[in-house]
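J.: Attaching a single structure in structure tokens format; questions to follow.
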Amino acid sequence: RQLPLVVVLPQTVAQVSRVLKYCNDRNIRVVPRGSGTSLSGGALPLEDAVLLVMSRFNRILGIDFPNRVVVAQPGVTNLGITTAVEQEGFYYA
Numbered sequence: 348r349q350l351p352l353v354v355v356l357p358q359t360v361a362q363v364s365r366v367l368k369y370c371n372d373r374n375i376r377v378v379p380r381g382s383g384t385s386l387s388g389g390a391l392p393l394e395d396a397v398l399l400v401m402s403r404f405n406r407i408l409g410i411d412f413p414n415r416v417v418v419a420q421p422g423v424t425n426l427g428i429t430t431a432v433e434q435e436g437f438y439y440a
């Protein structure tokens with residue numbers, strides 16, 4: 348395990364934008380992390396990177412049942428999607 352340079356937990360899109368601009372301007376790597384369930388292991392921190400934790404972005408923005416499409420923010424969990432669609436007989440992951 349490695350500790351990142353810093354962990355950032357933004358609350359707004361503007362904050363995410365500022366963090367990304369800051370890191371881009373300084374050539375600092377960024378590792379985005381969704382809800383942190385670690386089901387895929389895809390958001391492992393790097394010691395020379397900023398860990399951008401997006402768990403506060405946890406809203407489902409839309410569901411299109413006929414086309415089987417969910418638009419969700421990065422902090423939404425698989426269970427959150429399942430809960431949102433189960434009343435229509437759907438199951439996700």
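One rule links them: number in my numbering = place in the sequence shown (from 1) + 347. By construction, the Cβ of each residue, glycine as well, lies at the ideal position given by its N, Cα and C atoms. Predicted, not measured: the structure shown is a model, and the values here were computed from it.
Does the separation of the CB atoms of R373 and M401 fall below 8 Å?
T.: Counted from its first residue, the sequence shown places residue 373 at position 26. Counted from its first residue, the sequence shown places residue 401 at position 54. Not a contact, by the Cβ cut-off of 8 Å.
J.: Let me check understanding here. Comparing Cα to Cα, which of P421, A396 and N425 lies closest to A440?
T.: Translated into the one-based positions of the sequence shown, residue 440 becomes position 93. Checking every option, the nearest Cα to that of A440 belongs to N425.
J.: Would you report the Cα separation of V378 and P392, rounded to the nearest angstrom?
T.: Residue 378 sits at position 31 when you count from the first residue of the sequence shown. Residue 392 sits at position 45 when you count from the first residue of the sequence shown. So the two alpha carbons sit approximately 7 Å from each other.
J.: Is R376 near A361, with beta carbons less than 8 Å apart?
T.: Start at 1 with the first residue of the sequence shown, and residue 376 comes out as number 29. Start at 1 with the first residue of the sequence shown, and residue 361 comes out as number 14. No, Cβ-Cβ distance for R376 and A361 is not below 8 Å.
J.: Could you tell me whether the Cβ atoms of R403 and P351 are closer together than 8 Å?
T.: The residue given as residue 403 occupies position 56 in the sequence shown. The residue given as residue 351 occupies position 4 in the sequence shown. No, the pair does not count as a contact, with Cβ atoms beyond the cut-off.
J.: Out of P421, E433, G427 and N414, which has the shortest C-alpha to C-alpha gap to L399?
T.: Residue 399 sits at position 52 when you count from the first residue of the sequence shown. The candidate whose alpha carbon is nearest that of L399 is P421.
J.: Please say whether G409 and V418 have beta carbons closer to each other than 8 Å?
T.: Along the sequence shown, read from residue 1 onward, the residue named residue 418 stands at position 71. Along the sequence shown, read from residue 1 onward, the residue named residue 409 stands at position 62. Result yes, Cβ atoms of V418 and G409 sit closer than 8 Å.
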